[in-house]
Structures are given as structure tokens and as C-alpha cells.
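Engineer: Below is the structure I would like to discuss, written out as C-alpha cells.
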Amino acid sequence: METLSFLFVPLSLLATAVMAASAAIQAHRVHMDPFGATVLAIATSMGGGTLRDLFLGLTPVFWITDTRYLAVAVPIALISFGLATRMSSGNGRRLKVLMQLDAIGLALFTLTGVQVALDVGISPILAIVIGCVTGTAGGMIRDLLCNMTPSLLKEDLYATLSLLGGAVYLAMLTYLGEALAAGLGFATILIARLLVLRIKPPRDSV
Amino acid sequence: METLSFLFVPLSLLATAVMAASAAIQAHRVHMDPFGATVLAIATSMGGGTLRDLFLGLTPVFWITDTRYLAVAVPIALISFGLATRMSSGNGRRLKVLMQLDAIGLALFTLTGVQVALDVGISPILAIVIGCVTGTAGGMIRDLLCNMTPSLLKEDLYATLSLLGGAVYLAMLTYLGEALAAGLGFATILIARLLVLRIKPPRDSV
Amino acid sequence: METLSFLFVPLSLLATAVMAASAAIQAHRVHMDPFGATVLAIATSMGGGTLRDLFLGLTPVFWITDTRYLAVAVPIALISFGLATRMSSGNGRRLKVLMQLDAIGLALFTLTGVQVALDVGISPILAIVIGCVTGTAGGMIRDLLCNMTPSLLKEDLYATLSLLGGAVYLAMLTYLGEALAAGLGFATILIARLLVLRIKPPRDSV
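In C-alpha cells form, the structure reads like this:
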């Protein structure tokens with residue numbers, strides 16, 4: 001993957017961190033202990049990239065060839081779990097923070113998924129699909145393991161925004177260059193998701 | 001996969017279509033919107049073949065190398081979802097149609113799974129097992145994502161019929177040739193499943 | 001995998017048998033029939049090793065290249081299901097036996113996972129992680145398919161003990177040799193798990 005831009009590793013590590021944090025908060029909401037939270041955070045933050053690598057045939061998968069991902073996910077999970085214990089429950093505040101982190105993770109993982117797919121020579125349309133798989137699978141795994149219906153299946157503007165952000169990134173890549181196109185794709189997904197969360201806040205407030 | 005018969009692609013696309021339709025009806029039954037239905041339809045109709053390809057080491061998986069599968073699944077999902085809204089609920093009719101589509105998908109995906117396994121030089125017994133994985137995994141993923149117990153685990157004559165149909169296909173292959181053997185395997189699974197559904201109709205009538 | 005020790009296949013087959021038995025008992029607890037129990041046993045006993053092989057890129061996965069695993073899992077599942085029907089329900093005895101088999105499977109699969117990872121040249125730290133994935137995934141799949149919260153997520157001393165046992169095995173490998181190190185790693189996980197189960201017995205007694 002030598003042609004991947006200099007942005008790839010920092011964005012992927014940041015995405016790993018926010019998804020690990022979202023999982024740790026979810027774990028706290030469903031009364032897991034710090035160990036369960038760590039396991040959930042690993043599955044959530046590695047899940048999307050792992051499916052991407054498996055589907056594309058890029059094995060061993062990324063977290064085996066680069067241990068920084070696990071090295072980021074584990075401490076972030078423990079710190080976030082600790083912070084979640086300080087948030088009062090019942091007022092939906094934990095859920096709000098969780099969904100905001102999830103939105104950032106969705107945006108970042110979508111872009112890194114598109115980048116990896118392009119890098120192995122996949123057609124643009126499929127690269128957008130792979131971006132969507134990479135962006136949405138982690139949150140889906142988190143919700144499935146916690147016995148909740150994944151946002152992916154409940155909300156119209158979740159997978160759709162991931163596809164849209166991937167398309168924006170791809171369309172702008174040749175005109176604006178890597179960094180600006182990624183910024184625009186990221187902003188598209190994040191702003192749209194935050195608007196959706198503001199207009200139609202998630203009901204469940206465990 | 002050059003030795004795969006001329007029947008492979010049409011049967012696979014048909015299997016994709018019926019499983020996508022079954023997922024869209026299920027999505028309607030559990031009150032998803034059209035977008036959730038599309039995501040569910042993609043996971044359901046690609047799931048079995050994806051596991052088959054991953055287990056056999058055939059990567060990138062089939063829907064990345066051949067975009068026709070996604071091009072079939074998405075519009076079929078939307079059309080089926082639209083048709084499902086016209087069926088009256090509460091009388092078990094949607095569930096009946098769903099189970100009939102599921103039976104056709106089970107039969108078709110089983111055969112294509114056996115074909116792919118034979119094509120990569122797997123022994124006949126294991127080809128039947130791979131056929132069963134390919135045939136049953138899509139419906140299992142659909143039911144898991146909808147928080148329902150998969151038929152695979154509830155019904156004795158589901159995985160068993162898939163194994164039986166795969167065995168019939170394999171046994172007849174040298175005597176009857178590709179097309180007739182596939183027809184016989186298909187008829188075995190489909191007729192037996194429809195009989196089971198008639199004798200012991202699924203209770204749940206959401 | 002020529003350098004894998006002579007212990008690998010017997011330990012793996014034993015692990016397959018105990019996990020298949022644990023799944024068959026679980027299937028009986030949630031009122032499945034023998035066929036559902038067999039499917040669940042296959043998914044449970046092959047699940048950990050399959051994820052290990054997929055993540056490492058070792059395809060076709062192990063149960064395709066060596067049919068002895070399926071040949072062990074299926075009859076053991078049927079026999080265990082038969083024995084489970086003779087245990088009285090409601091007193092938590094089935095759950096106790098299930099958890100003890102699960103503890104043995106956790107210990108054995110962890111060690112075989114570490115061995116496979118070392119054999120393909122993975123770093124020691126990651127080999128311990130792969131051992132943990134191999135050891136815990138089967139039970140997680142079993143519990144997810146039965147709509148129960150996996151022990152992995154509920155109990156602090158489950159994944160942690162798997163990591164600990166893998167570390168003990170690895171640390172002792174150069175000093176004590178394969179067999180003794182494996183025995184020590186096995187004993188660490190098993191004794192600790194049995195202690196945990198004694199001190200904090202699982203509540204649910206379906």
C-alpha cells in the first residue's frame with residue numbers, strides 16, 4: 001500500500017480512537033465492566049477495517065501487520081470507560097456523546113476505506129461501497145454485541161451519508177488533491193450526521 | 001473459475017434477487033425504512049457467497065469482482081419493499097411469501113456453493129458442506145440482524161435439506177450432466193421446504 | 001505449518017470436541033432440536049479457528065483442509081445433546097457442565113491459536129492476541145446465536161485469562177519446551193476459570 005497518502009495512518013488511528021471511545025461508553029451504558037468494555041472497543045474499532053481487508057483479500061489484516069491500532073484502542077477504551085462513569089445517566093448525555101463519536105468514526109473510516117480500495121485498484125463505485133462497509137461495520141458490530149438494533153438498519157441517513165461522503169471525496173480527488181478532498185468528504189458526513197442527530201435525536205436514553 | 005458451467009451466473013443472480021426480496025419483506029415486517037431494507041438486503045443476498053469465498057480463500061470476494069450482484073440486489077430490495085407495503089399485515093401473508101422466497105434462495109445458493117467448491121478442487125463431502133454454508137448463511141445473517149432466531153437453528157429440515165440437495169446434485173452430476181443434476185437438486189430442496197412450510201407453518205405472524 | 005508441534009492436532013481435536021459438546025448443551029437449554037444443536041456445535045467449535053485463519057490469511061480455512069474436525073464435531077454434538085436430555089433442568093447443572101467444558105475449550109483453543117500464530121512468524125504479543133481471539137470467538141458465536149450476552153463481554157476474567165495463559169505458554173516455551181509450556185498455560189487458564197466459576201457461579205439457570 002505504498003501509494004496511500006500520508007494522511008492514511010493518522011486518520012485511521014484517530015478513527016480507531018473515537019470508535020474505541022464510543023464502544024467504551026456503550027459498554028458503560030449496558031453495565032459491562034472495564035474488561036468487557038475493552039473487548040467491545042477492540043471489536044468495534046477493528047471491525048470495519050477487518051471486514052474491508054478480508055473482503056479485498058488483504059491478509060494478514062491490518063491490526064496484525066501494524067500493532068499501533070491495538071496500542072491506541074486499549075488505553076482509549078479504559079480512559080473513556082473511566083470518563084463515562086463520571087457522566088450522570090438517565091439524561092441521555094452519554095448517548096449523545098456516543099453518537100457524536102460514532103459520527104466522527106463513520107466519517108473517518110469511510111474515507112480510509114475508500115483510500116484502501118482505490119489503492120488496490122478497485123473501481124470507483126465499488127470503492128465507495130467498500131468505504132461504506134468500512135465506515136459502518138464497526139458500529140454495527142458494537143450494537144449487535146450489545147443486543148441493540150444497529151443505527152445502520154434503523155436510520156435512513158447513516159449508510160447513505162457514508163456513501164455520499166465517499167462519493168464527494170472521490171469526485172473531488174482529482175480537482176482538489178488528497179487533503180482537501182478528504183476534508184470535504186469528512187465535513188459532508190460529519191455535519192450531515194450531527195444535523196440528523198440534532199433534528200431527530202435518538203430516543204433510547206439508557 | 002473458468003470451468004464453472006454456463007448456469008452459474010444466471011442461478012447466482014436469481015438467488016441474489018430472491019434473497020434480497022426476502023430481506024426487504026423481513027425489513028418491512030420489523031418496521032425498517034427503505035434504506036435499512038436495502039442494507040439488510042445487501043447483507044442477506046451477499047452473505048452466503050461472501051462466507052463461501054472467505055472460507056475457500058477466493059478473494060477479493062465475488063461481489064467486488066462482479067458488480068452485477070449489487071446491481072441486482074439494490075433495485076430488487078426497493079421494489080420488494082414497495083410491494084410489501086401493499087400486503088396487509090397481521091394475517092401472516094408477508095411471512096409466507098418471505099419463507100417461499102427464502103426456500104428458493106436456499107436451493108439456488110446451495111447449488112452455486114457446491115459448484116464453486118468443486119471448481120476449486122474441494123472433495124465432494126466438503127463441497128456439500130460449503131454448499132450448505134452458502135445456502136444458509138444469508139438467511140441466518142438476515143434473521144440475526146433483525147434480532148430473530150434463524151430458521152437454521154430452529155428447524156430440523158433447513159440445513160438438512162440443503163445438505164440433501166447438494167448430495168443429490170453431486171450424485172447425479174456424472175450421470176445426468178450439469179443442467180439436469182442442478183434441476184434435480186433444486187427441486188429436492190424447494191419441494192421439500194415448501195412441504196415443510198405447508199405441514200408446519202411458521203408461527204410468528206408479525 | 002510443518003513446524004507445529006506433534007501436540008497441535010490432538011489438542012485442536014480435543015478443543016473441537018469440548019466446544020461442540022458445550023454448544024449441544026446450550027442448544028438443549030434453549031429448546032433446539034438435535035439438528036439445530038449440530039449446526040450450533042459446528043459454528044461454535046469451528047468459529048475460533050476460522051477467524052484465526054481468516055485474520056492471518058491462512059485459506060482455505062482449517063476445517064476445509066482437514067475433515068477430521070467436522071468428523072469429530074458432528075457425532076460429539078449428537079451424543080452430548082442426548083446426554084443433556086437426561087440431565088434435569090432448572091437446577092443449573094447443565095449450565096455448570098457447559099461452563100466447565102467452555103473453560104477447557106477456552107484453554108485449549110488459546111494455546112493452539114498461539115501456536116498457529118507463532119508458526120506463521122507473528123510477533124509474540126500479537127500471537128497472544130490471536131490466541132485470545134481463537135480461544136474466545138467460538139463461545140461468543142455460540143452465545144450470540146442463542147441470543148445471550150457472551151461471557152467474553154460479561155466477565156472480567158474470561159478474555160483476560162486467555163491472554164494470561166497465552167503469555168505463560170510463550171514465556172515458558174524456550175525454558176520448558178513445547179509440552180510442559182503448553183501444560184502450564186493450559187493449567188493456568190483452566191484452574192483460574194474453574195475458581196472464578198466456583199466463587200462467582202453464573203446466575204442464569206435455564
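Chain order of the listed sequences is D, H and E.
Per the UniProt record's numbering, the very first residue in the first sequence carries number 1; after that it's consecutive.
Per the UniProt record's numbering, the very first residue in the second sequence carries number 1; after that it's consecutive.
Per the UniProt record's numbering, the very first residue in the third sequence carries number 1; after that it's consecutive.
Even for Gly, the Cβ is constructed at its ideal location relative to N, Cα and C.
(1) Just checking: is the beta-carbon of Gly113 (chain E) within a distance shorter than 7 Å of some beta-carbon in chain H?
(2) Is it right to say Ile130 (chain D) is buried, meaning 16 or more other beta carbons lie within 10 angstroms of its own, or is it exposed?
(3) From this set, E:Leu152, E:Met172, E:Ser12 and E:Leu95, which residue's C-alpha is nearest Gly36 (chain D)'s C-alpha?
(4) Note down, in chain order, all residues in the region 136 to 148 of chain E with a beta-carbon under 9 Å from any beta-carbon belonging to chain H.
(5) Tell me, please, whether the region 36 to 52 of chain D touches the region 31 to 48 of chain H by the rule of three or more beta-carbon pairs shorter than 8 Å.
(6) Less than 7 Å between CB atoms is the rule here; does Thr50 (chain H) satisfy it with respect to chain E?
(7) Does the beta carbon of Pro60 (chain E) sit closer than 7 Å to a beta carbon anywhere in chain H?
(8) Give the secondary structure of Asp33 (chain H) by DSSP, where H, G and I count as helix, E and B as strand, and everything else as coil.
(9) Output needed for Leu163 (chain H): all residues of its chain with C-beta closer than 7 Å, excluding positions within five of it in sequence on either side, in chain order.
(10) Between D:Leu118, D:Ile104, D:Met172 and D:Gly48, which has its C-alpha nearest Val18 (chain D)'s C-alpha?
(11) Determine the burial state of Ile199 (chain H): buried for a count of at least 16 other Cβ atoms within 10 Å of its Cβ, exposed for fewer.
(12) Is it true that the CB of Ala159 (chain D) sits closer than 7 Å to the CB of Leu51 (chain D)?
(13) Applying the 10 Å Cβ sphere with the 16-neighbour rule, what's the burial state of Arg86 (chain H)?
(14) Just to check my reading of the structure: Phe109 (chain H) and Gly135 (chain H) have Cβ atoms closer than 8 Å, yes? What is that Cβ distance to the nearest angstrom?
(15) Spell out whether any CB of chain D is found under 7 Å from the CB atom of Asp156 (chain H).
(16) At a cut of 8 Å, does the region 67 to 81 of chain D reach the region 161 to 177 of chain D through at least three beta carbon pairs?
(17) Pick out whichever of E:Gly113, E:Met140, E:Arg142 and E:Tyr169 has its Cα sitting closest to the Cα of Leu56 (chain E).
(18) Taking only beta-carbon atoms, is Phe109 (chain E) less than 7 Å away from chain D?
(19) Using DSSP with H/G/I as helix, E/B as strand and the rest coil, what is Glu2 (chain E)?
(20) Kindly indicate if chain E contains any beta-carbon less than 7 Å away from that of Met19 (chain D).
(21) With a threshold of 7 Å between beta carbons, is Met46 (chain H) in contact with chain D?
(22) Note down, in chain order, every chain E residue with its Cβ under 8 Å from the Cβ of Leu40 (chain D).
(23) By DSSP, does Gly57 (chain D) sit in helix, in strand, or in coil?
(24) Quick check: the Cα distance between Leu118 (chain H) and Ala182 (chain H), rounded to an integer number of angstroms?
(25) Rounded to the nearest angstrom, how far is the Cβ of Ala192 (chain E) from that of Leu157 (chain E), given a contact under 8 Å?
(26) Output the distance between the C-alpha atoms of Lys154 (chain H) and Asp33 (chain E), rounded to the nearest integer angstrom.
(27) List the residues of chain D whose Cβ lies closer than 8 Å to the Cβ of Gly36 (chain H), in chain order.
(28) If you draw a straight line from the C-alpha of Pro10 (chain E) to the C-alpha of Leu194 (chain H), how long is it?
(29) Are any of the Cβ atoms in chain D nearer than 7 Å to that of Thr65 (chain E)?
(30) Considering Met99 (chain D), what are the terminal residues of the alpha helix (DSSP H) in which it resides?
(31) For Met140 (chain H) versus Pro124 (chain H), is the C-beta spacing smaller than 7 Å?
(32) Of all the CB atoms in chain E, is at least one closer than 7 Å to the CB of Thr134 (chain H)?
(33) Identify whether Cys132 (chain D) lies in helix, strand or coil by the three-state DSSP scheme.
(34) Give the straight-line distance between the Cα atoms of Val61 (chain D) and Asp102 (chain E), rounded to the nearest whole angstrom.
(35) Leaving out five residues before and five after Ala20 (chain D) in sequence, what residues of the same chain have Cβ atoms less than 6 Å from its Cβ?
(36) Does the beta carbon of Leu54 (chain E) sit closer than 7 Å to a beta carbon anywhere in chain D?
Structural biologist: With the structure as the only source:
(1) With a threshold of 7 Å between beta carbons, Gly113 (chain E) makes no contact with chain H.
(2) By the neighbour-count rule (16 or more Cβ atoms within 10 Å), Ile130 (chain D) is buried.
(3) Closest option to Gly36 (chain D), Cα to Cα, is E:Leu152.
(4) Listed by position along the chain: Leu144, Leu145, Cys146 and Asn147.
(5) Contact fails: fewer than three Cβ-Cβ distances are below 8 Å.
(6) No, its Cβ sits nowhere closer than 7 Å to a Cβ of chain E.
(7) When Cβ-Cβ separations below 7 Å define contact, Pro60 (chain E) makes contact with chain H.
(8) Coil, per DSSP.
(9) Once the five neighbours on either side are set aside, the close Cβ partners of Leu163 (chain H) are Ile128 and Cys132.
(10) The candidate whose alpha carbon is nearest that of Val18 (chain D) is D:Ile104.
(11) With fewer than 16 other Cβ atoms within 10 Å, it is exposed.
(12) Not a contact, by the Cβ cut-off of 7 Å.
(13) So Arg86 (chain H) ends up on the exposed side.
(14) Going by Cβ atoms, the distance from Phe109 (chain H) to Gly135 (chain H) rounds to 4 Å, so yes, they are a contact pair.
(15) By this cut-off, Asp156 (chain H) is not an interface position.
(16) These segments do not touch.
(17) Leu56 (chain E) has its Cα closest to that of E:Gly113, out of E:Gly113, E:Met140, E:Arg142 and E:Tyr169.
(18) So, not an interface residue.
(19) Annotation note: pLDDT 43 at Glu2 (chain E) (below 50); position unreliable, coordinate value reported separately. DSSP places Glu2 (chain E) in the coil class of the three-state scheme, outside both helix and strand.
(20) For Met19 (chain D), no CB of chain E lies under 7 Å from its own CB, so it is not counted at the interface with that chain.
(21) Chain D, which has no Cβ nearer than 7 Å to the Cβ of Met46 (chain H), makes this no.
(22) In chain order: Leu153.
(23) In this structure, Gly57 (chain D) counts as coil in the three-state DSSP scheme.
(24) Each residue's alpha carbon lies about 14 Å from the other.
(25) Right, their Cβ atoms sit about 7 Å apart.
(26) Computed Cα separation, rounded: 7 Å.
(27) Residues of chain D passing the Cβ test: Leu152, Leu153, Lys154, Glu155 and Asp156.
(28) Roughly 43 Å between the two C-alpha positions.
(29) Closer than 7 Å: no.
(30) Arg93 to Asp119 is the span of the alpha helix (DSSP H), which, as asked, contains Met99 (chain D).
(31) For Met140 (chain H) and Pro124 (chain H), no; Cβs fall outside 7 Å.
(32) By the rule that beta-carbons nearer than 7 Å mark a contact, Thr134 (chain H) does not touch chain E.
(33) In this structure, Cys132 (chain D) counts as helix in the three-state DSSP scheme.
(34) The C-alpha of Asp102 (chain E) is placed about 27 Å away from the C-alpha of Val61 (chain D).
(35) Answer for Ala20 (chain D): Ala41, Ser45, Ala73, Ile76 and Ala77, listed in chain order.
(36) Chain D contact via Cβ: present.
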